[in-house]
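J.: I have a structure I would like to understand better, so I am pasting it below and will then ask my questions one at a time.
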Ligand SMILES: [Zn+2]
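In the working numbering, the protein residues as written are 2 to 321.
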């Protein structure tokens with residue numbers, strides 16, 4: 002189960018991981034806390050559609066297409082209004098997520114957790130230095146409160162049978178990933194899509210970071226190799242046409258460069274009730290490590306999976 006704030010967050014944060022585990026046969030479930038109604042229309046080609054059916058409907062359709070691209074089997078809307086970026090008018094709406102009563106919002110998510118009974122839950126950390134969106138901050142608070150409450154029979158007794166989640170992760174957008182890709186662009190004498198972001202924080206572009214052969218650092222614990230699932234990630238991003246301009250760095254970073262330089266999505270393991278395993282460098286490489294009795298089996302043939310993990314399909318690459 003992943004718990005995200007807005008439609009499109011599931012596409013930009015950890016989406017390759019979902020595509021991978023869904024291909025392996027895991028049941029992937031998405032909870033999106035808000036309808037994303039306050040998102041700016043970044044792509045003018047969608048303006049007519051928004052005028053016709055409204056922003057919420059456009060974004061929900063985009064979300065459904067993104068879920069399909071990644072292999073999510075189930076989508077739950079938590080049902081709150083987007084709270085908008087700090088300092089905007091929608092901050093004051095009483096029905097927005099940031100203003101929601103914590104216990105009431107927690108109860109909604111507890112009901113979903115107890116119904117879906119996930120082994121692993123992925124959400125955001127409580128650190129929002131680079132992107133202090135009120136809905137992302139609230140997502141962390143509600144998700145962590147719901148993880149604890151869902152396991153406690155005394156809390157929300159009418160919301161289903163208690164369920165303990167084995168492991169909780171924070172999805173991270175690591176500085177290693179950004180800098181290693183940024184430098185790979187510069188080495189190839191092509192403009193880096195990360196330059197603008199890096200220029201915002203003086204000194205960041207020159208920060209020393211470890212290569213991918215180094216042990217975990219910067220608070221990360223876990224990285225998932227998603228090199229074979231970049232086409233699905235790209236398709237899920239592209240589904241959010243109203244939010245992602247055609248020249249967004251999410252869409253312009255070439256998949257073959259990502260596959261070569263940093264084919265990972267990064268996580269911080271926030272909680273675990275099982276003993277995890279790590280590789281020789283100290284990285285946990287499987288969010289299900291340590292969980293016995295997995296209730297899912299690979300649905301794709303073994304050969305197809307080996308292929309997906311070890312190579313990029315040139316046809317998929319061209320069509321994306
Ligand atoms: Zn968001």
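By construction, the Cβ of each residue, glycine as well, lies at the ideal position given by its N, Cα and C atoms. Note that this is a predicted model, so its numbers are computed, not measured.
What residue from 245, 172, 16 has the CA that sits closest to residue 70's CA?
T.: Here residue 70 corresponds to residue number 69 of the chain shown, with the count starting at 1. For residue 70, the nearest C-alpha among the options comes from 16.
J.: Please enumerate, following chain order, all residues with a beta carbon closer than 5 angstroms to at least one heavy atom belonging to ligand 1.
T.: 6, 7, 10
J.: Whole angstroms are fine: how far does the CA of residue 127 sit from the CA of residue 4?
T.: For the purposes of this step, residue 4 is taken as residue 3 along the chain shown, with counting starting at 1. For the purposes of this step, residue 127 is taken as residue 126 along the chain shown, with counting starting at 1. Cα to Cα, the separation comes out at about 14 angstroms.
J.: How many angstroms separate the CA atom of residue 327 from the CA atom of residue 45?
T.: In the structure as shown, the chain begins at 2 and stops at 321. Residue 327 is therefore absent and cannot be evaluated.
J.: Kindly indicate which three-state DSSP category residue 271 falls into: helix, strand or coil?
T.: Counting from 1 along the chain shown, the entry for residue 271 is found at position 270. DSSP places residue 271 within a strand segment (E or B) once states are collapsed to three.
J.: Determine the contact status of residue 148 and residue 114, defining contact as a CB-CB distance below 9 angstroms.
T.: Here the question's residue 148 lines up with position 147 in the chain shown. Here the question's residue 114 lines up with position 113 in the chain shown. Yes; because the gap between Cβ atoms is below 9 angstroms, this pair is in contact.
J.: Once DSSP output is grouped into helix, strand and coil, what is the label at residue 132?
T.: Locating residue 132 in the chain shown gives position 131, where the first residue counts as 1. In the structure shown, residue 132 sits in coil (DSSP, three-state: anything other than H, G, I, E or B).
J.: Give the range of the beta strand (DSSP E) segment to which residue 223 is assigned.
T.: Position 222 of the chain shown, counting from 1, holds the residue named residue 223. It spans 223 to 226 - the beta strand (DSSP E) in which residue 223 sits, taken as one unbroken run.
J.: So which of 254, 124, 155, 193 has the shortest CA-CA distance to residue 272?
T.: Mapped onto the chain shown, residue 272 falls at position 271. Out of 254, 124, 155, 193, 124 has the C-alpha closest to the C-alpha of residue 272.
J.: Mapping the DSSP letters down to three states, classify residue 145 as helix, strand or coil.
T.: Against the chain shown, residue 145 aligns to sequence position 144. Helix at residue 145.
J.: Look at the Cβ atom of residue 199, then the Cβ atom of residue 180, and state whether they are nearer than 9 angstroms.
T.: Translated into positions along the chain shown, residue 199 becomes position 198. Translated into positions along the chain shown, residue 180 becomes position 179. Yes, they are a contact pair.
J.: Under three-state DSSP, which class holds residue 44?
T.: By one-based count along the chain shown, residue 44 stands at place 43. The answer is coil: DSSP assigns residue 44 none of H, G, I, E or B.
J.: Could you compute how far the alpha carbon of residue 159 sits from the alpha carbon of residue 31?
T.: Working through the chain shown from its first residue, we reach residue 159 at position 158. Working through the chain shown from its first residue, we reach residue 31 at position 30. If you take the alpha carbons of residue 159 and residue 31, they lie about 22 angstroms apart.
J.: Any idea which residues DSSP pairs residue 33 with across the strands?
T.: Here residue 33 corresponds to residue number 32 of the chain shown, with the count starting at 1. As a beta-bridge residue in DSSP terms, residue 33 pairs with 5, 78.
J.: Please look up how many angstroms separate the CB atoms of residue 195 and residue 139, rounded, as I've assumed it's under 8 angstroms.
T.: For this step, residue 195 is matched to residue 194 along the chain shown. For this step, residue 139 is matched to residue 138 along the chain shown. That belief does not hold up - the Cβ atoms of residue 195 and residue 139 are roughly 28 angstroms apart, past 8 angstroms.
J.: If I follow the unbroken beta strand (DSSP E) through residue 170, where does it start and stop?
T.: Taking the first residue of the chain shown as position 1, residue 170 is located at position 169. Start and end: 168 to 173.
J.: Hey, could you find the ends of the alpha helix (DSSP H) residue 1 is sitting in?
T.: Examination of residue 1 is not possible in this model, given that the chain is present from 2 through 321 alone.
J.: How long is the line joining the alpha carbons of residue 60 and residue 48, rounded to whole angstroms?
T.: Against the chain shown, residue 60 aligns to sequence position 59. Against the chain shown, residue 48 aligns to sequence position 47. Distance between the alpha carbons of residue 60 and residue 48: 12 angstroms.
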